[in-house]
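Undergrad:
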Amino acid sequence: MVDYRDPDQPALWWAVARSEELSQTKPINVDLGNQPVVLWRDAQGTARALEDRCPHRRAPLSLGCILGSGMIQCGYHGWTFDGATGHLKDIPNLKSQQKFPPLYRAVAFAVAEAGGFVRISSNPEATAPQLVSSIDLPLGGTSQLSLPHTEFLNALYDDPSLVIAIRGIRFTPYLATELMEQNGLLVMERNCQWAGPRWPAPFVPEFPVSLRIATQPDTGESELVLRDAAYNELLRVIVAPVPAGRGVTQVRWRARLSPSRAGMMARLLGAGAPFSIRPAVDGAALRVLRPSVSVHAEALRQDILERRSAALLQTDPGD
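The sequence shown begins at 18 in this note's numbering and counts up by one.
(1) Who are the near neighbours of A172 in its chain, counting only those whose CB is closer than 6 Å to its CB and skipping five residues on each side?
(2) Please report the distance separating the alpha-carbon of V226 from that of F169.
(3) Would you decide whether L330 is buried or exposed? Buried here means 16 or more other CB atoms lie within 10 Å of its CB.
(4) In the DSSP assignment, find the unbroken beta strand (DSSP E) run with T189 in it and report its ends.
(5) Tell me the DSSP bridge mates of Q161?
(6) Specify, as a first and last residue, the run of the alpha helix (DSSP H) that R253 falls within.
(7) For P296 and I108, what's the separation of their Cα atoms in angstroms?
(8) Using beta-carbon positions only, say whether D235 and L29 come within less than 8 Å of one another.
(9) On a CA-only basis, which of I183, P190, A182 is nearest D175? Give me that one, please.
(10) To the nearest angstrom, how far is the alpha carbon of E238 from that of G81?
(11) How many angstroms separate the CA atom of D153 from the CA atom of E223?
(12) Kindly indicate which three-state DSSP category I108 falls into: helix, strand or coil?
(13) Any idea which residues DSSP pairs P53 with across the strands?
(14) What residues are listed by DSSP as bridge partners for T97?
(15) Buried or exposed: which applies to R324, given that a residue is buried once 16 or more other Cβ atoms fall within 10 Å of its Cβ?
(16) Return yes when the Cβ of F134 is within less than 8 Å of the Cβ of R273, no when it is not.
(17) What does the Cβ neighbour count give for G132, buried or exposed, with the cut at 16 atoms within 10 Å?
(18) What are the boundary residues of the alpha helix (DSSP H) that includes R75?
(19) Based on Cα-Cα distance, which residue from M197, E130, H166, R244 lies nearest to W57?
(20) Excluding the five sequence neighbours on either side, which residues of its own chain have a C-beta within less than 7 Å of the C-beta of A283, listed in chain order?
(21) Assign G262 to one of two classes, buried (16 or more other C-beta atoms within 10 Å of its C-beta) or exposed (fewer than that).
(22) Fully enclosed by the segment 271-307, which beta strand (DSSP E) runs are 3 residues long or longer?
(23) By DSSP's criteria, I152 is part of a beta bridge. Which residues make up the other side?
(24) For the putative contact between I230 and W211, defined by C-beta atoms under 8 Å, what is the C-beta separation to the nearest angstrom?
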């Protein structure tokens, strides 16, 4: 059974970077659970990913440099590695490749780039994942939250205001739909209101806006769609949380405002940043938050993953 919390599962694809974060001039370091990963672009602009440890002295490869050939060179002793395979290609003053011990290679990750995200899998032969959304999402950002991956998702379900902000939107505790399975995803819809003063009472029965959240049960990658009362799309966001070391969750996102938004409040979504991840979680509010939607999330998630695993076993000719 696939454990969605285990970043080492070979079947999983994790969005560990936005496309614009990678370059051909400087490698970057990311975490996948407790596994450090180095990312860069080779000479052809293809995204590459290796374990961020040189097998010689365990120095971080992300502290090295990218050569003109597109290979990565360790900054400690200059060992050079091919990004596609992790094979050792050069040792200073030792040019015969026949003398390179086969043990000296960096662990390579499968890489797939699409939709503005760079995703990796620990299985180098893994098939590229299908896109959650084919719509171009030009806006984006990256945040680091001192919150475990599972708790981030639970907060997103129970009270989105603790982890995300949408310009001009107040999230209410009222649901349009309960959390349920749709096409292998965990799906729910929350009623929302336009933010601002309310007179004479803070509560009104009308909900002119709703937020639909559809989550991949294994990685937690989620598509958020903000819609008006006529179900016209106002904003679409892909949120990709990735478990990192020490209980931190790295959250990368991409978003797109609908070009046609009826109403003054809907148009004001474009007056500044329409979406953001909270830079910090209110610990006091999180502590007293009563689980509501998330109560059912784990059971639904496990049920989807178990049925998915059973279906794979039935279609595997080797079993």
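Even for Gly, the Cβ is constructed at its ideal location relative to N, Cα and C.
Quantities reported herein were computed from a predicted structural model and do not represent experimental measurements.
TA: Let's see:
(1) L179, V180
(2) 23 Å
(3) exposed
(4) 186-199
(5) Q267
(6) Taken as a continuous stretch (DSSP letters only), R253 belongs to no alpha helix (DSSP H), being part of the beta strand (DSSP E) at 250-260.
(7) 43 Å
(8) yes
(9) P190
(10) 31 Å
(11) 32 Å
(12) strand
(13) D48
(14) Q90, D107
(15) exposed
(16) no
(17) buried
(18) Where R75 is concerned, there is no enclosing alpha helix (DSSP H), given that its DSSP letter is neither H nor E.
(19) E130
(20) D245, L251
(21) exposed
(22) 292-294
(23) Its beta-bridge partners do not exist; DSSP assigns none.
(24) Between W211 and I230 the Cβ distance is about 19 Å, and since that is not below 8 Å, they are no contact.
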